[in-house]
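One gets our numbering by counting positions in the sequence shown from 1 and adding 16 to each.
Ideal Cβ positions, reconstructed from N, Cα and C, are used throughout, including at glycine.
Note sheet for the following structure.
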Amino acid sequence: MPALKLHDTLSRTDREVKPLDGKTLRFYCCGPTVYGPAHIGNFRTFVAQDVMRRVVEASGTATLHVRNITDVDDKTIRDSQKAGQSLTDFTRGWTEKFHADCASLNLLPPQVEPSAVAHIPHQIAMIEKLVAKGHAYAAADGSVYFRVSSFKDYGRLSHLEDRELRLGASEAASATDSDEYSKDSLTDFALWKARKPEDGTNYWPSPWGEGRPGWHLECSAMILEYLGEDFDLHSGGVDLIFPHHENEIAQSCCSTHGQFAHHWMHVAHLMVDGGKMSKSLGNLYTLADLQQRGYTPAEVRYVLISGHYRAPLNFTFHSLDSARQALQKLAKADKALAAISPTLQHSNAPGPFQDAWDTLLNDLNVPGALGGIFGVLNKLKPAAISAEEAAAARNGLHFMLGALGIVLPPVQEEAAADVPAEIQALAQQRWDAKQAKDWAAADALRKQLEAAGWLIKDSKEGFTVVPKA
Ligand code: AMP
Ligand code: ZN
């Protein structure tokens, strides 16, 4: 089967995603900073990476997916103190919440999920190598810095040469600690941060005194541990290209003999109402916020994949409503095919959805592939096709849905169109509880719906909500 072609930020070309060892695609994604709930912008990036992984696996290649947990940095330390919790307890809670959201959004769990705090010795060992090779130096206060001028390739990923170098220097200075005046050069960044009073009890011993690692270092150290000096692909949101990924390359290439990542995938940002998402504008949404408004995680996932990953995506509530309709359309098409071909066979080929699949393999063009799927479904006339054709279409459809990580919702009958979103959400929760055989929860939700004036009618495939007579 042909391989996925993906844009590579470093070479600025679309290149085939092929494992170096010919067997397993080994890739790394920068993970969440666990000091609060991840927002749907973060999830745009994690979902895009999940689709990439699913497409690679669907085309017959195994994967080794490593994604870290950033559980020590300025924000985790500051907010754990505000919460009156130890850093460990505080970050554990937010890591669990992150995992729950990932499961709701149908994200495949990475095979390895290392935490920064659990890899302090690995990070210290990398700094020692960098100091020994003359790429890093200790400052008078016990902090250690990477000497950017010692790495001639610095800036290749973000194409610094195309921008004004001065701009790069000032951005780098503000992105690291601008108050660290003991650095030799403004662009040098911290590998080890000497202990400060505001760190509280969060510090570790090192050859340079007590302190903690700089943020960029954890990824380099954990990649070396779990993927080695050379690995297939590295990914994150576009905001990480500079300085984070540039710094990761510098640390890794200067402390090992490898090339580091052979392919770079960056996901464009999710915007809200055409602008940046931010807490101060009140337009920063978490999955829980959207669920409270009656939307399902499947609908959120559909919105997040519905734009090409390299173009900024504008989130609106209208897009969630459209996702609901699109999912219903898919579910109804599947139901119609199932009526002719009830037994679903696992398929490793797209069948009649070959064009949509080819579109997906071309730089992960999900919107194009979805358009292709609907194009085929619109032409299918279940009343006029044979059981064999229906089986091929249904198996192919499920191959495509699996590659996109789409789980079909129960089919809603037309009468359900006027059901308020919150009622629909409650009914969905009850259905989920019933499927999970949590009868007590299912009963309680049914009573709650009845009290609100709604009845549920179940069928084998799903449920309908109707007003109480
Ligand atoms: P963080 O938890 O801030 O370290 O971010 C986790 C991931 O989310 C990183 O890959 C970021 O690049 C990505 N990210 C942050 N904001 C957005 C956004 N608005 N849209 C898409 N990805 C984002
Ligand atoms: Zn990273």
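So which of A441, I85, L353, G52 has the shortest CA-CA distance to R94?
G52
With R541 as the anchor, note down where its alpha helix (DSSP H) starts and where it stops.
Because the chain is modelled from 17 through 485, residue 541 falls outside the range shown and cannot be assessed.
Determine, using beta carbons only, whether A437 and R309 come nearer to each other than 8 Å.
yes
Assign K98 to one of two classes, buried (16 or more other C-beta atoms within 10 Å of its C-beta) or exposed (fewer than that).
exposed
Do the region 345-362 and the region 78-95 meet, that is, are 3 or more Cβ pairs less than 8 Å apart?
no
Considering only heavy atoms of ligand 1, does any lie closer than 7 Å to the CB of A327?
no
Spatial distance of Y170 from C270 (CA atoms)
11 Å
For the region 374-446, list the alpha helix (DSSP H) runs that are entirely contained and at least 4 residues long, ordered along the chain.
382-395, 403-420
Comparing the CB of E264 with every heavy atom of ligand 2, is any distance shorter than 7 Å?
yes
In chain order, what residues of the same chain have a beta carbon less than 6 Å from the beta carbon of S296, not counting five sequence neighbours either side?
none
Where does Y44 fall in DSSP's three states?
strand
Is there contact between the region 435-454 and the region 390-403, where contact requires at least three CB pairs shorter than 8 Å?
no
What distance in whole Å lies between the Cβ atoms of L240 and S268, which are believed to be in contact at a cut-off of 8 Å?
Rounded, the Cβ-Cβ distance is 7 Å, consistent with contact.
I think E129 touches R83, with their Cβ atoms under 8 Å apart; what is that distance to the nearest whole Å?
Between R83 and E129 the Cβ distance is about 6 Å, and since that is below 8 Å, they are a contact.
The beta strand (DSSP E) that contains W208, what's its start and end?
205-210
Is the Cβ-Cβ distance between F247 and F415 less than 8 Å?
no
Cut-off 6 Å between Cβ atoms - residues of its own chain near A352, not counting five sequence neighbours on either side:
Excluding sequence neighbours, A352 sits near P398.
For the alpha helix (DSSP H) that P313 lies in, which residues bound it at each end?
313-321
Quick one: measure Cβ to Cβ for C46 and L256, integer angstroms, because I've assumed they're closer than 8 Å.
6 Å
For ligand 4, I want to know if V63 counts as a neighbour, meaning its beta carbon is within less than 7 Å of at least one of the ligand's heavy atoms.
With respect to ligand 4, the structure shown offers nothing to examine, as its ligands consist of ligand 1 and ligand 2.
According to DSSP, simplified to helix, strand and coil, what is K490?
Given that the chain is displayed from residue 17 to residue 485, the structure contains no residue 490 and the question cannot be resolved.
Would P18 be called buried (16 or more neighbouring beta carbons within 10 Å of its own) or exposed?
Using a 10 angstroms sphere on the CB of P18, the tally of other CB atoms stays under 16, which defines it as exposed.
Between P366, A458, D448, Q428, which has its C-alpha nearest V482's C-alpha?
Q428
Considering only the alpha carbon of each residue, which of P229, A155, V319 lies closest to R60?
V319
To the nearest angstrom, how far is the alpha carbon of M287 from that of R340?
20 Å
Which residues neighbour ligand 2 when neighbourhood means a C-beta less than 5 Å away from any of its non-hydrogen atoms? List them by chain order.
Neighbourhood of ligand 2, defined by CB distance below 5 Å to any of its heavy atoms: C46, C235, in chain order.
CB-CB length for A419 against A74, believed under 8 Å
4 Å
One question on the structure: do K21 and R28 come within less than 8 Å of each other, judged by their Cβ atoms?
At the C-beta level, K21 and R28 stay beyond 8 Å of one another.
Sorry if obvious, but does the Cβ on N299 come closer than 7 Å to a heavy atom of ligand 1?
no
Going along the chain, which unbroken runs of the beta strand (DSSP E) with 3 or more residues stay wholly within the region 253-283?
Runs of the beta strand (DSSP E) lying entirely within the region 253-283 and spanning at least 3 residues, in chain order: 280-283.
Taking 7 Å as the cut-off, is the CB of V88 close to at least one heavy atom of ligand 1?
no
Near A156, which residues of its chain fall below 6 Å by C-beta distance, leaving aside the five closest residues on each side in sequence?
S198
Any beta carbon from chain C within less than 8 Å of A354's own beta carbon?
Absence of chain C from the displayed structure is noted, only one protein chain being present.
Taking G384 as the reference, which of G323, R410, P313 has the closest Cα?
G323
Start and end of the alpha helix (DSSP H) containing F162?
Here F162 belongs to no alpha helix (DSSP H); instead the beta strand (DSSP E) covers 160-162.
Give me the Cα-Cα distance between T217 and T107, rounded to the nearest whole angstrom.
15 Å
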